[in-house]
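Chains as they are written, first to last, in this note's numbering: chain A, -8 to 340; chain B, -8 to 340.
Yeah, the Cβ is synthetic: ideal placement off N, Cα and C, and Gly gets one too.
Heads up, the thing below is written out as structure tokens.
Protein chains: 2
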Amino acid sequence: MSRKKLDSIEESTSKPSSRPTLRTVAAEAGVAVTTVSRALADDPRIAEATRKRIAEVAHTLGYVPNRAAQRLRTGRTKVISLLLNTRHEFLSFTSEFLGGMSEELAGTGYAINITADSLADDRLEAIRHIRRHSLADAIVFTRTECFDDRVRYLLEHDFPFATHGRTDFMTPHPFVDFDNEAFVRMAVERLVQKGRKHICIVMPNERYTFGQHLRFGARQAAISSGVKVTIPEDVDLDSEPDEIAAMLRTLHAGPEAPDGYICVGEVMALITLAYLNDMGLTPGCEVDVVAKRASPISNHFRPRIETIDEDLRATGRAMAKVLLARISGAPTDEMQVLLKPEGPFSVSG
Amino acid sequence: MSRKKLDSIEESTSKPSSRPTLRTVAAEAGVAVTTVSRALADDPRIAEATRKRIAEVAHTLGYVPNRAAQRLRTGRTKVISLLLNTRHEFLSFTSEFLGGMSEELAGTGYAINITADSLADDRLEAIRHIRRHSLADAIVFTRTECFDDRVRYLLEHDFPFATHGRTDFMTPHPFVDFDNEAFVRMAVERLVQKGRKHICIVMPNERYTFGQHLRFGARQAAISSGVKVTIPEDVDLDSEPDEIAAMLRTLHAGPEAPDGYICVGEVMALITLAYLNDMGLTPGCEVDVVAKRASPISNHFRPRIETIDEDLRATGRAMAKVLLARISGAPTDEMQVLLKPEGPFSVSG
DNA sequence: TTTTTTTGTTGTAACGTTTTAAATTCCCGG
DNA sequence: CCGGGAATTTAAAACGTTACAACAAAAAAA
């Protein structure tokens, strides 16, 4: 433990108790600042003995690295920006997804930064802002469209990102998506099992990519099962419940009234159930309903309905993994995750 | 516009197109770095003419300040940390509250940073971490308890924060709360108007401060209206729906079955409605239900119930204001906001 | 032994701000 | 025409890190 030139470094006993820095630790351990920096970063150039000693000193001194300084020096923010729709979102999407991401990010030093889009009239504005000010190392957002301008922008500028949902761009990019095609096939199959002949799918219009996947799955299922499948055209994520109800009413008054409903999301399920109730139709009797369940609250819907699960917490976790991979420069094809639906379940609670 | 000693500052035409810094702007405008810094911060020491000129140069150069550098220099993070419960939270709390905060924070340069508590077994750990690493200028969290250890910790360390919900500490601190006392009084009054004689309040136990306020309001309402008010003891925010249903069943089987229900929150409402449905009881007929509505989704519940509103978006906005005030050191008594319930409304859609 | 390589360690220079103290200019009364 | 205070502007010193180039010492090769 012999130290050379200990005095050359100012002892800094003057300042009483401001937070210890690399210098403080270096002085205490009798080494250079660089050495401490490297030791704490597990740089192989540092001898094991020194590394251990420095780690110990740093710990007893209660050293904690200054994020601002690291960020200034390295240019990395250790922040992931999540663009959030706080209106018209699936009921529990925000909580569950956020929870999942947070879980996965714990311990990595990454923080989640929220930008709620309520403010940005121009959707791109938020993203431009984040890039220009280097507010994050990566961006993630939802409700992806087939040729999403945000995706185009981020691809063009080679800024790390991942989307919830696929796009139709030629250039591949990181994403996490739910297999909506499989979902709708399973749902149709289940309703057919129950003897239903005309199935209505309550879902957003084709503006979003997942809408297209649903349509595609619906077409497939219709062909292979032989039942009639109807997709009302004018429903949107932002549609007022009244509009949706009106649309369902029109459909029901038509020549062939649907006897099976598939609801893509909890809000859609609630609206559909309310509509059926208002019409005096009871799921399980005259009609059947299968809905996408994204959180335990679907269990409390009455009358009981059948559900097929999208695990949003798992989605969040997968998203975090994908983002971290993208940041550290993994190949794109390893960053495309498609999650499978689980079910159908007959809700029991 | 005569410039002296222009050459003394390196023209830096060497680097091609990295982001402009204060130095770049200073060189271009023919002034010192300090002057630019001050000009952009609207420091009164800078002459109006210079300020204007610098602003212009900065704009055409596309200058954008480096947050990391500012943060390192000033010690301020421009971040507000939100501790979030992603499990068992009121259905739409996260989205709405977050949206509100985000709205209010837009343009202030402050970012919202999420820490989902799923990971922190020790609730204090997340807060300690934020403080130790100076990850935020202020912290906000929910589900406040009467003598909340997080509040105690933050008060002790004089770290800026605000809570959603009050506490019973002597030392006043910033908060935004909903007037649950008024809520329950209104709800009871409404049920009494409808001729109900025995009211059951489905709500979390007294662990949280707002539970106490509800109890207090309930007692007042019971006395002034003369009806019987029952509060089941064992319900908690984390209770399984089954437990709650079991509890309601026991109560219903007792000597006096309730004929009115007050639900504090959307999840509680869903559970109660499911229970009533399972029991063959119909709100509006044998019983009546009044629930707290925190988002438009309550409108879709069937059978229809009456609601009293808590505006979570407004809560978020108020919270942001309070936090900003706290950060800039306003007196505490100006940072205590109590929001009033609105209603009751008979849901129509 | 001398030369080369390997292994650890060290100074020093940024990164882009803000702040402190000092320097310059300006304006006005003496 | 000069001295003095206000009004502006400036240079230089941090803030705490990481990265680059250099260096010493020990180990291996010649």
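In the structure shown, A129 of chain A adopts extended strand secondary structure according to DSSP, grouped into three states. Across the segment 271 to 284 of chain B, no CB contact with chain A closer than 8 Å is found for any residue. Annotated three-state conformation of G66 of chain B is coil, per DSSP.
Two segments are said to touch when three or more pairs of C-beta atoms, one from each, lie closer than 8 Å; by this definition the segment 271 to 287 of chain A does not touch the segment 64 to 71 of chain A. One thing to note: A129 of chain B has its Cβ no nearer than 8 Å to the Cβ of L330 of chain B. Taking 8 Å as the cut-off, the Cβ atoms of R141 of chain B and I118 of chain B count as close.
Contact check for T200 of chain A and C137 of chain A: beta-carbon distance about 5 Å, within the 8 Å limit, so the pair qualifies.
Check the Cα spacing between I37 of chain A and each of A:E47, A:T25, A:V48: the tightest is with A:T25.
Contact of T221 of chain A with chain B is not assigned, every C-beta pair being separated by 8 Å or more.
Within the segment 116 to 165 of chain A, the alpha helix (DSSP H) runs of at least 4 residues that lie entirely inside it are, in chain order, 140 to 147. For G208 of chain B, no chain A residue has a Cβ inside 8 Å of its Cβ, as the nearest lies near 26 Å away. Residue contact check for E147 of chain B against chain A: no CB pair falls below 8 Å. Residue range 303 to 318 is occupied by the alpha helix (DSSP H) that includes I318 of chain B, with no beta strand (DSSP E) assigned at that position.
In this structure the segment 155 to 167 of chain B does not touch the segment 214 to 221 of chain B; the number of beta carbon pairs closer than 8 Å is below three. Chain A has a Cβ within less than 8 Å of the Cβ of H291 of chain B. Distances from the alpha-carbon of A20 of chain B to those of B:E247, B:A40, B:R78, B:D33 put B:A40 closest. Flagged as an interface residue toward chain A: E87 of chain B, by a C-beta distance shorter than 8 Å. An exposed status is given to A321 of chain B, since fewer than 16 other beta-carbon atoms sit within 10 Å of its beta-carbon. Within the segment 232 to 260 of chain A, the residues whose Cβ lies closer than 7 Å to some Cβ of chain B are P232, D233, V258, listed in chain order. Annotation: S286 of chain B to R293 of chain B spans about 15 Å, alpha carbon to alpha carbon. Not one beta carbon of chain A lies nearer than 8 Å to the beta carbon of T99 of chain B. Listed in chain order, the non-local C-beta contacts of F207 of chain A below 8 Å within the same chain comprise E172, local neighbours out to five positions each way being set aside. Contact between A209 of chain A and V175 of chain A holds: CB atoms are separated by about 5 Å, below the 8 Å threshold. Where R36 of chain B is concerned, there is no enclosing beta strand (DSSP E), because DSSP gives it neither an H nor an E. Residue-level contact check: L264 of chain A touches chain B, since one or more beta carbons of chain B fall below 8 Å from its beta carbon. Under the criterion of beta carbons closer than 8 Å, E297 of chain A and P246 of chain A do not qualify as touching, at roughly 27 Å. The alpha carbon of C276 of chain A has as its nearest neighbour, out of A:V193, A:I318, A:G186, the alpha carbon of A:G186.
Your pair F88 of chain A and L303 of chain A checks out as a contact, with CB atoms roughly 5 Å apart and the cut at 8 Å. Distance from the CA of I235 of chain B to the CA of P249 of chain B, rounded to the nearest whole angstrom, comes to 15 Å.
DSSP places A321 of chain B in the coil class of the three-state scheme, outside both helix and strand.
As the crow flies, the alpha-carbon of C191 of chain B is around 15 Å from that of Q184 of chain B. Rounded to whole angstroms, the Cβ separation of N104 of chain B and L126 of chain B is 7 Å, and the two are in contact under 8 Å. I105 of chain B reaches chain A at L89, S93, I103, I105, counting residues in chain order whose Cβ is nearer than 7 Å. Taking 8 Å as the cut-off, the beta carbon of A305 of chain A is found closer than this to the beta carbon of G91 of chain A. Here D139 of chain B is buried: its Cβ has 16 or more other Cβ atoms, across all protein chains shown, within 10 Å.
Look at the segment 214 to 280 of chain A and you find these whole runs of beta strand (DSSP E), each 3 residues long or longer: 219 to 221, 251 to 254.
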